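Numbering (the numbering used here), first residue to last: 5 to 454.
Each residue gets a CB set at the ideal place from its N, CA and C atoms; glycine is no exception.
As the structure is a computational prediction, the values presented were derived from the model and not from experiment.
Notes for the one structure printed next.
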Amino acid sequence: MTNKNTINSLPLPPGDFGLPLIGESIDFLRDPNFTKKRQEKYGSVFKTHIFGQPTIVAIGADANKYIFTNENKYFTNNWPKSTRKLLGEGSLAVQIGTEHQKRRKILAQAFQPRALSSYISTIEANTYKYFERWEKLGNFTWYPEIKNYTLDIACKLLVGIDSASQTQIGNSYKAWVDGLFSLGIKLPWTTFGKAWESRKILLQEIEKIIQERIKSNNYQSDALSLLIQAEDEEGNRLSIEELKDQILTLIFAGHETLTSAILCFCLLVAQHPQVRAAIRQEQEELGLDMPITLENLKQMTYLEQVLKETLRLIPPVGGGFRQVLETCEFNGYKMPQGWSILYQVGYTHKDIDIYPQPERFDPERFNLTKLEDKPKAFSFVPFGGGLRECIGKEFAKLEIKIFAALLVRNYQWELIPQQNLDLVTFPSPHPKEGLKVNFQKLPKNELIHN
Ligand code: HEM
């Protein structure tokens, strides 16, 4: 349907705008079953009013396809105000249109296979460093530890600094993250106000690192060196101001989501010993001392299935916002210009027609040798899709896979009984009490690292 008059005569999706001004925002933020309840009542496309905007929630592979393939035509990026302000105008996640596309080309250089390959030794070294710490601790809560682990790796690979979790960056980072999805009121005592102050400190720290790098002219093999020197097709380089925003975005995006993915892998595998045994068996068959290289990681196909199933069942990013640029039609409903659209990752992954018994953790779903049909397009979208698909996707997969392979090769871990494993969703999903574990090195004859 292309005729504008016809589109305008179409109905809006069913749904309720809730209370004046605040709409259904409170329910949206507080009720973990907000979407489920409305999907049951209205179907997979419904309207609501959240964060001050009339919003259409569109669930499922077809909706994802429509949204992802019409980026910049019918839809554009639309993060809440607090997120946009704290990420900064120079952030890839905030940029739109041609500027966004040009910047993506530059930033993508930090995630090419050659760059990824050069990151492996740093990931491995940090992983063993943390394993040794956890072994000494024995019993501990994993969430804050994995946060530090992923932050250290992100900062080392992006800007070349060691143990960032123990520096000013680590200190200021938490208050900054807390403000990302807040009311956006800048006062000294508000969450946003504190986050704004932290942003200033973080940018100062990042600027120091950038200036030192430029002054020393010593370009190492990290993303910062690549980005300082990278040029677009017209030979333009990133300004220092933009570089700071881009680096801050990459540190955030490259660490918060990975923390959730790694932690949920540890949780699900601990709850399914047969899966752990199968991962271990694959590692043994491939050789427990097989060096970690991009090529060798590709051979870990069962581990790949487990990681996919982890990202299906507990996706670190639950969905994404867009704004309608031009009134358009989906599933017989009008999507009016200026409205917000919310696509859903988690609910797409629970589609019973695609994933039978969707709540079950079953890595066999992704066994490509058994699949009769090609998976439906846009039915597995942990990294989003289209022009805004996660730029760090391959890096993320690399880090999770290295962590998982080395963990299963060398260690065993058990969940401490009687802890609350309910998932909290902010800033990304993690068990309420942070996942308390007992962590032990495997008996000597089963080890490869010592
Ligand atoms: C398991 C880990 C990760 C998951 C699940 C994930 C998920 C996502 C998703 C769903 C989006 C799309 C948001 C949208 O549609 O607006 C996205 C965008 C993005 N991700 Fe990731 N991400 C992960 C790791 C990373 C890493 C490691 C980095 C960088 C080091 C990164 C950097 C970004 C950036 C910069 C964007 C914005 C892209 C754009 O707007 O063009 N992410 N990510």
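Of the heavy atoms belonging to the ligand HEM, at least one sits nearer than 7 Å to the Cβ of Phe399.
With respect to the C-alpha of Val98, the residue from Gln208, Gln327 and Leu141 having the closest C-alpha is Gln327. Shown here, Thr305 sits in a helix according to DSSP, grouped into three states.
Three or more Cβ pairs closer than 8 Å define a contact, and the segment 256-271 meets that threshold against the segment 428-439. With contacts defined as CB atoms closer than 8 Å, Ile150 and Leu254 fail to qualify as a contacting pair. By the neighbour-count criterion, in which 16 or more other beta carbons inside 10 Å mark a residue as buried, Gly350 falls on the buried side.
Residues Asp182, Gly183 and Ser186 of the same chain have their beta carbon placed closer than 7 Å to that of Thr195, with the five preceding and five following residues left out of the count.
Taking Asp357 as the centre and dropping the five residues before and after it, the same chain places no C-beta closer than 8 Å to its C-beta.
For Phe430, the distance from the CB to the nearest heavy atom of the ligand HEM is not below 7 Å. Taking 7 Å as the cut-off, the C-beta of Arg392 counts as close to a heavy atom of the ligand HEM. Of all alpha-carbon atoms in Thr145, Glu128, Asn175 and Lys178, the one lying nearest the alpha-carbon of Ile157 is that of Glu128. In this structure, Asp226 is the residue among Gln416, Asp226 and Asp236 with its C-alpha nearest to the C-alpha of Lys160. Pairing Gly164 with Tyr123, the inter-Cα distance amounts to about 11 Å.
The DSSP-derived three-state label of Ala227 is helix. In the DSSP assignment, Asn81 falls within the beta strand (DSSP E) that extends over Phe79 to Asn81.
In the structure shown, Glu28 falls within a coil segment according to DSSP collapsed to helix, strand and coil. Excluding five sequence positions before and after Leu91, the CB atoms of its chain that fall closer than 6 Å to its own CB belong to Ala97, Val98 and Thr253, given in chain order. Scanning its chain for C-beta atoms nearer than 6 Å, with the 5 sequence neighbours on each side dropped, one finds around Ser202 the residues Ser176, Ala179 and Trp180, in chain order. In this structure, the C-beta of Gly324 approaches the ligand HEM to less than 7 Å from one of its heavy atoms.
It is roughly 27 Å from the alpha-carbon of Glu238 to the alpha-carbon of Glu398. Rounded to whole angstroms, the Cβ separation of Tyr347 and Ala65 is 11 Å, and the two are not in contact under 8 Å. For His353, the distance from the CB to the nearest heavy atom of the ligand HEM is not below 7 Å. The beta carbons of Ala257 and Gly396 sit about 6 Å from each other, so the pair counts as a contact at 8 Å. Between the segment 400-415 and the segment 229-249 there are fewer than three inter-stretch CB-CB distances shorter than 8 Å, so the stretches are not counted as touching. It is roughly 13 Å from the alpha-carbon of Ser29 to the alpha-carbon of Ile60. Leu402 is a Cβ neighbour of Leu120, given a cutoff of 8 Å.
Buried is the label assigned to Arg42, since at least 16 other Cβ atoms lie within 10 Å of its Cβ.
For Ile218, the Cβ stays outside the 7 Å cut-off from all heavy atoms of the ligand HEM. Residues of the same chain with a CB within less than 7 Å of the CB of Val412, apart from the 5 flanking positions on each side, are Arg280, Ile283, Arg284 and Gln287 in chain order. CA-to-CA, the gap between Ile189 and Gln170 works out to about 29 Å.
For the ligand HEM, a non-hydrogen atom lies closer than 7 Å to the CB of Thr261. Going by beta carbons, Glu313 and Phe382 fall outside the 8 Å limit.
Rounded to whole angstroms, the Cβ separation of Leu162 and Leu228 is 6 Å, and the two are in contact under 8 Å. With a beta-carbon spacing of about 7 Å, Ile244 and Glu211 fall inside the 8 Å limit used to define contacts. Shown here for Tyr337: same chain residues with a beta carbon closer than 7 Å to its own, the five before and five after excluded, namely Leu14, Pro15, Leu16, Pro17 and Val49 in chain order. If you ignore the 5 residues before and after Gly142, its C-beta comes within less than 7 Å of the C-beta of Asn442 and Phe443, all in its own chain and listed in chain order.
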